[in-house]
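Using our numbering, the letters of the sequence shown map in sequence onto residues 540 to 735. For every residue, glycine included, the Cβ atom is placed at its ideal position computed from N, Cα and C. Every value quoted in this text rests on a predicted model; they were computed, and no experiment measured them.
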Amino acid sequence: MKGSPRHRILEIAKKRFYQQGYYHTGINQLIRESGTAKASFYDHFPSKRDLGIRVIQAYGADVLIWFRQILRESPSPNDFIAELSKAVIIQMNEDASYYQGCPIAIFSCQFPIGEQPFSDEFKSIAFRWETLFALYIARWKSNGLLKETTDPMEMARDLINLYEGALINWRISLNEVYIKRMFAQMKQVFDPQAKK
540 MKGSPRHRIL
550 EIAKKRFYQQ
560 GYYHTGINQL
570 IRESGTAKAS
580 FYDHFPSKRD
590 LGIRVIQAYG
600 ADVLIWFRQI
610 LRESPSPNDF
620 IAELSKAVII
630 QMNEDASYYQ
640 GCPIAIFSCQ
650 FPIGEQPFSD
660 EFKSIAFRWE
670 TLFALYIARW
680 KSNGLLKETT
690 DPMEMARDLI
700 NLYEGALINW
710 RISLNEVYIK
720 RMFAQMKQVF
730 DPQAKK
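And the structure:
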């Protein structure tokens with residue numbers, strides 16, 4: 540793996556925390572797999588907790604970029620559902636041996652509710668997702684694609700809830716029906732709001 544020691548450590552940690560979990564991944568494993576010296580590790584990340592925060596931030600940035608790309612390619616709510624559907628199916632099929640669902644949800648479930656400093660990082664990520672979704676929903680509303688009574692933030696939270704809930708239930712059951720139902724339910728969220 541190329542890049543600076545910091546970059547290599549972070550990339551390996553992102554993979555291992557996602558595949559093995561935070562508590563089942565040791566610092567020595569990360570040092571070995573990233574090809575860095577122990578002293579170098581601690582120069583960049585004074586503790587595993589510091590590394591965990593950086594991994595959360597990296598996951599948050601990755602998912603935000605992914606959502607933003609899907610939303611940019613979606614001039615309407617129906618386009619959004621189609622684009623999200625394609626993106627999720629690609630992840631599930633192309634990365635079948637690696638993909639386990641949303642890295643933020645998976646990582647957040649490893650810590651007790653409210654555990655600091657992780658909890659604040661997760662809340663910050665959720666807020667950025669809500670804000671991004673609400674922005675696009677407000678655009679669809681202003682373009683006449685949704686009713687004037689649509690509350691963009693409320694709808695954003697409904698969509699995120701469906702997305703995260705479906706992925707968690709799919710991960711628990713390995714039943715793709717949850718993914719199919721997610722898209723059907725998203726259509727229902729948009730449909731009552733659509734202008735007739």
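Assigned secondary structure, residue i (DSSP; H/G/I helix, E/B strand, else coil)
{"i": "P651", "result": "coil"}
{"i": "G599", "result": "helix"}
{"i": "T670", "result": "helix"}
{"i": "E687", "result": "coil"}
{"i": "K734", "result": "Residue placement at K734 cannot be trusted, given a pLDDT of 49 that sits under 50; the coordinates are not used to answer."}
{"i": "P656", "result": "coil"}
{"i": "Y638", "result": "coil"}
{"i": "E612", "result": "coil"}
{"i": "G542", "result": "coil"}
{"i": "E633", "result": "helix"}
{"i": "A617", "result": "At residue 617 the sequence reads Asn, which differs from the Ala that was named. If DSSP states are grouped into helix, strand and coil, N617 belongs with the helices."}
{"i": "N700", "result": "helix"}
{"i": "E715", "result": "coil"}
{"i": "N682", "result": "coil"}
Whole-angstrom distance between residue j and residue i, CA atom to CA atom
{"i": "F583", "j": "K553", "result": "Reading off the sequence shown, one finds His at residue 583, where the question assumed Phe. Those two C-alpha atoms are separated by around 15 angstroms."}
{"i": "N632", "j": "S712", "result": "17 angstroms"}
{"i": "F661", "j": "F606", "result": "16 angstroms"}
{"i": "S636", "j": "T688", "result": "43 angstroms"}
{"i": "T670", "j": "N567", "result": "38 angstroms"}
{"i": "H563", "j": "Q649", "result": "11 angstroms"}
{"i": "V627", "j": "R555", "result": "21 angstroms"}
{"i": "G560", "j": "K686", "result": "43 angstroms"}
{"i": "I604", "j": "Q630", "result": "15 angstroms"}
{"i": "Q655", "j": "I645", "result": "17 angstroms"}
{"i": "S658", "j": "R678", "result": "31 angstroms"}
{"i": "K680", "j": "V728", "result": "14 angstroms"}
{"i": "P651", "j": "Y638", "result": "23 angstroms"}
{"i": "M721", "j": "A705", "result": "6 angstroms"}
{"i": "Y717", "j": "Q724", "result": "10 angstroms"}
For residue i, the nearest candidate out of the options (CA to CA)
{"i": "L623", "options": "I707, L701 and F666", "result": "L701"}
{"i": "P616", "options": "F672, L603 and E715", "result": "F672"}
{"i": "C641", "options": "F661, I664 and E703", "result": "E703"}
{"i": "E550", "options": "I645, A576 and R593", "result": "R593"}
{"i": "P544", "options": "I707, Y557, G591 and A578", "result": "A578"}
{"i": "G574", "options": "G542, Q724 and F722", "result": "G542"}
{"i": "M694", "options": "I707, K726, N708 and I664", "result": "K726"}
{"i": "P585", "options": "V716, A665 and I548", "result": "I548"}
(message) For a minimum of 4 consecutive residues, which ranges assigned as the alpha helix (DSSP H) are wholly contained in the stretch 544-603?
(response) For the stretch 544-603, whole alpha helix (DSSP H) runs of length 4 or above, ordered along the chain, are 544-558, 566-573 and 577-583.
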